[in-house]
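Here is the structure we will look at.
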Amino acid sequence: MKRLVQGDVGAGKTVVAVVAMLAAIQAGYQAALMAPTEVLAEQHYKKLVAWFNLLHLPVELLTGSTKVAKRREIHSQLETGELPVLVGTHALIQEAVNFHKLGLVVIDEQHRFGVQQRAKLQQKGESPHFLAMTATPIPRTLALTLHGDLDVSQIDELPPGRQPIQTTTLTGRQRKKAYDLIRREIVQGRQVYIVLPLVEESEKLDVKSAVEEHQKLAEKVFPEFQIGLLHGRMTSLEKDEAISTFRDNKTQILVSTTVVEVGVDVPNATVMLIENAERFGLSQLHQLRGRVGRGVHKSYCLLMRGAGSTDAVERLKVLEQSQDGFFIAEMDMRLRGPGQVLGTKQSGLPDFALASLVEDQEVLELARGAAFRVMEKDESLNSWPLLRRELEWRYQKMMGGRF
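Start counting the sequence shown at 0; every next residue gets the next number (numbering that gives the first Met the number 0).
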């Protein structure tokens with residue numbers, strides 16, 4: 000199996016991965032799940048521990064923060080086959096990590112990993128099955144073109160009971176409305192995310208930062224509430240503490256950078272306020288919005304745009320009008336270009352000078368079909384020397400000069 004599962008935020012991709020892992024373990028193999036950030040890896044780990052403990056299957060977490068003694072213990076258990084499931088970040092592809100019998104590789108948010116990184120994890124086993132997941136859903140034809148060696152499955156509906164999220168764009172003059180809504184929701188026992196684009200203040204950019212905003216909100220705006228802070232420069236322990244105190248409702252507001260985009264699951268949170276929303280792509284805003292609306296209560300996403308960002312109004316209207324991740328990702332690609340949205344530099348696919356990955360999907364499909372026919376006739380491309388030379392050059396460039 001070589002498959003990409005794409006679905007909207009909260010569509011249930013992790014459940015699909017868990018079923019595949021159980022099938023691999025039942026057949027006598029090990030499974031590995033690699034995530035792009037420690038926050039997301041830890042979230043996956045906690046979910047898998049809760050589920051797999053019921054089946055008496057051990058699960059371990061390996062990240063850059065794992066202590067040396069624990070790391071050695073994990074390495075040993077992997078090599079002997081005692082450990083059936085390992086979750087981690089880039090730490091999984093280090094040379095010291097050796098599996099006894101790796102049968103399934105699962106990669107979450109796979110567009111955030113380079114080609115080499117994905118290949119390194121697959122090389123830890125003898126042709127293991129490969130399952131990639133992404134919450135940036137794109138049209139099927141484009142997905143097949145980007146990930147030519149993968150079959151593509153789409154989860155195009157959300158689990159029953161998920162509430163639609165009321166999304167509103169605001170300007171600085173309407174800030175009081177936002178703060179009134181936040182106060183009202185907290186009084187009713189709910190919780191709130193406030194997301195900032197930067198960790199610290201920048202002299203070059205007129206953009207709010209998480210550290211300064213946290214201090215201002217705690218001292219001047221919401222002194223009556225407990226406010227937490229989460230950003231990428233914090234240690235793993237500090238991040239864990241910030242997330243767990245918010246999850247336990249010990250803090251009512253979590254001020255964060257985009258590290259909260261994936262992996263933080265608090266059903267009691269009902270408001271997402273995003274500052275300087277014009278600085279984010281639509282797909283990223285949709286991901287952030289997906290942090291709320293996970294419980295039974297009505298949820299809100301407030302997009303606060305900065306001064307002088309009139310060009311962003313039309314773009315942000317897309318989020319006000321749609322909750323469909325596939326439609327939003329396609330609009331994002333039209334507005335910003337596929338390279339920005341998909342990270343196509345990592346996939347090896349260039350932005351074209353004339354063709355459009357969004358507009359010319361029929362041509363893409365024809366080209367893909369032609370490529371398969373060529374490979375069926377002559378897999379080594381001996382009859383196509385110029386094509387072979389071009390492909391070898393592109394592959395070397397993509398793999399950092401190694402072939």
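Positions of the beta carbon are idealized from the N, C-alpha and C atoms, including for glycine.
Asked, Found
"Three or more C-beta pairs below 8 Å linking the region 151–170 and the region 228–239", "no"
"Residue range of the unbroken beta strand (DSSP E) whose run includes Met33", "29–33"
"According to DSSP, residues forming a beta bridge with Gly6", "Ile154"
"Cα-Cα separation, Met303 to Met332", "22 Å"
"Reference Leu56; option with closest CA among Pro35, Val17, Ala311", "Val17"
"Every unbroken beta strand (DSSP E) within the region 201–264, with a cutoff of 3 residues, ordered by chain", "226–229, 252–255"
"Three-pair Cβ contact test at 8 Å for the region 212–220 versus the region 240–249", "no"
"Outcome for Thr168 when other beta-carbon atoms lying within 10 angstroms are tallied against a minimum of 16", "buried"
"Rounded straight-line distance, which links the Cα of Gln122 to that of Val265", "36 Å"
"Pair within 8 Å by beta-carbon distance, Thr135 and Glu319", "no"
"Pair within 8 Å by beta-carbon distance, Phe245 and Gln190", "yes"
"Status (buried if at least 16 other CB within 10 Å, exposed otherwise) for Pro83", "buried"
"Rounded separation between Leu129 and Gly102 - CA only", "The sequence shown places Phe at residue 129, rather than the Leu named in the question. Cα to Cα, the separation comes out at about 9 Å."
"Integer-rounded CB distance, given that Arg290 should sit under 8 Å from Val259", "6 Å"
"C-alpha distance - Leu334 paired with Ser282, whole-angstrom precision", "11 Å"
"Cβ-based burial, Phe221 [other Cβ within 10 Å; buried from 16]", "buried"
"Reduced DSSP category for Thr168 - H, G, I as helix; E, B as strand; rest coil", "strand"
"Assumed close pair Val194, Leu287 - CB separation to whole angstroms, cut-off 8 Å", "6 Å"
"Cβ-Cβ separation, Leu120 to Ala90 (assumed contact under 8 Å), whole Å", "No, Ala90 and Leu120 are not in contact; Cβ-Cβ is about 11 Å, not under 8 Å."
"Chain-order list of residues whose beta-carbon lies under 7 Å from that of Thr79 (same chain, five-residue window excluded)", "His99"
"Simplified DSSP assignment, three categories, for Gly87", "strand"
"C-alpha distance - Glu202 paired with Asn275, whole-angstrom precision", "Only weak support exists for where Glu202 lies, its pLDDT of 40 falling under 50; the coordinates are left without a value."
"Ser382, buried or exposed, once every other Cβ within 10 Å from all chains shown has been counted against 16", "exposed"
"Span separating the alpha-carbon of Leu356 from that of Ala177", "38 Å"
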